[in-house]
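A.B. asks: In the working numbering, the protein residues as written are 306 to 550.
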Ligand code: HEM
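#1: Could you check the C-alpha separation between residue 388 and residue 462 for me, to the nearest Å?
#2: Could you tell me which of 518, 353, 472, 437 sits nearest to residue 383, measuring between CA atoms?
#3: Quick one: what does DSSP say residue 522 is sitting in, helix, strand or coil?
#4: Sorted by chain position, which residues of the same chain lie with C-beta nearer than 6 Å to residue 393's C-beta, five sequence neighbours on each side aside?
#5: Assign residue 476 to buried or exposed, taking buried as 16 or more other Cβ atoms, counted over all protein chains shown, within 10 Å of its Cβ.
#6: Would you grab the beta carbon distance between residue 474 and residue 529 for me? Rounded to a whole angstrom, and I think it's under 8 Å.
#7: Assess, as a yes-or-no matter, whether the region 443 to 454 is touched by the region 488 to 495 under the definition of 3 or more beta carbon pairs within less than 8 Å.
#8: Less than 8 Å between the CB atoms is what I'm expecting for residue 282 and residue 407, so what's the real figure, rounded?
#9: Suppose the cutoff is 7 Å on Cβ atoms and the five residues either side in sequence are ignored; what does the same chain contact list for residue 370 look like?
#10: Cβ-heavy atom distance between residue 515 and the ligand HEM below 7 Å?
#11: CB of residue 395 to nearest heavy atom of the ligand HEM: below 7 Å?
#12: DSSP three-state call for residue 421: helix, strand or coil?
#13: What are the uninterrupted segments assigned as alpha helix (DSSP H) that are 4 or more residues long and contained completely in the region 465 to 500, given in chain order?
#14: Looking at the ligand HEM, does it come within less than 7 Å of residue 426, judged from the CB to the closest heavy atom?
#15: Using 8 Å as the threshold, is the C-beta distance between residue 508 and residue 468 below it?
#16: Give, in chain order, every unbroken run of the beta strand (DSSP E) that is at least 3 residues long and sits entirely within the region 347 to 431.
#17: Put residue 339 into one of helix, strand or coil per three-state DSSP.
#18: Can you check whether the CB of residue 398 is closer than 8 Å to the CB of residue 520?
#19: Indicate the three-state DSSP secondary structure (helix, strand or coil) for residue 516 in the structure shown.
#20: Which term fits residue 308, buried or exposed, when burial requires 16 or more other beta carbons within 10 angstroms of its beta carbon?
#21: Look at the Cβ atom of residue 523, then the Cβ atom of residue 335, and state whether they are nearer than 8 Å.
#22: Does the beta-carbon distance from residue 517 to residue 466 come in below 8 Å?
#23: Less than 8 Å between the CB atoms is what I'm expecting for residue 504 and residue 310, so what's the real figure, rounded?
Shown next, in the form of C-alpha cells:
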C-alpha cells in the first residue's frame, strides 16, 4: 500500500472520527454554556401543535429567507435539501440499514441500485449547480462580494471539488462503488481492524476532501444547521412554551 493510500484510507479516518465527534461535543458544550440575557423565540408561544409546525417550517422551508432574500433562497434551499439526501444516500456506504428498509417495502437489489444510480446522480448534479449558483452570486453581487472573506469562497470551492469528484465516480461507475466492498472497508475501520481501502485516485481525492471537510466542520460556519438546535431560536421557543404552560 502506498503512503498516500495508507494515510487517506487508514490513518486519516481515525483522525476524522475523533476531530468530528470531539469537535461537535466541544461546540455543543460551548453553546449550552453561553449565558442568554434575554430569551429570543422563533415562534410566539401558542399551542404545542403550532409551535412544532412553525419550527418544522423554519427548518424545512426557510420561510424567513424566502421573504427577505429570494435570490439566496433559490440557491440555499435546494442546496440544503439535496445535501440531506446525499447524507442519507452515503449512509448506504457504511451500513445496510437503508437497503433493508427499501427491501422491506418491496425493492429488489437491482431496483435499489437503479434508484441509487438515478436519484444519486440527480441530487449530485443539483448539489453541484446549487453550490455553483451560491459561488456566482457571491462573486457577482457587489455588496455581497465586499462582505465576503477568502474562507467564504474557499468553502464553496471545496464543496464543488467534493461534488465534482463524487459525480465523476457516478459517471465513470468504477467497480469499488460496489456497496459490499465499501461496507467491508468501513466495518474494518469501525472495528479497529482496517483492511486495504479502494485505491482509485478519484475516490481517494473525494474521500480526502470529504474527510478534511468533516474535520473542519465543527469549527466552520457550515455548522449552523446543528447550532440552531442549541442556541437561541428553537431552544427558547420550547423553553418559553414550557414556562407559559
Ligand atoms: C467519509 C466520507 C465520504 C465517502 C467515503 C464518500 C464516498 C462516495 C462515493 C463512493 C461516491 C460514489 C457513489 C456511487 O457511485 O455509488 C460518492 C458520491 C458523492 N459524494 Fe461522497 N463520500 C463522502 C463524503 C461526502 C460529502 C461530505 C459530500 C458533500 C458535502 C459528498 C458528496 C458526494 C456527491 C455530491 C456525490 C455524487 C452524487 C451521489 O452519489 O450522491 N460526499 N461519495
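A virtual CB, placed ideally from N, CA and C, is assigned to each residue, including glycine.
C.D. replies: Result, derived from the coordinates:
#1: 16 Å
#2: 437
#3: helix
#4: none
#5: exposed
#6: About 28 Å separates the two Cβ atoms, so there is no contact after all.
#7: no
#8: Outside the modelled stretch of the chain, which goes from 306 to 550, sits residue 282, for which no answer is possible.
#9: 377, 378, 381
#10: yes
#11: yes
#12: helix
#13: 484 to 495
#14: yes
#15: no
#16: none
#17: coil
#18: no
#19: helix
#20: exposed
#21: no
#22: no
#23: 5 Å
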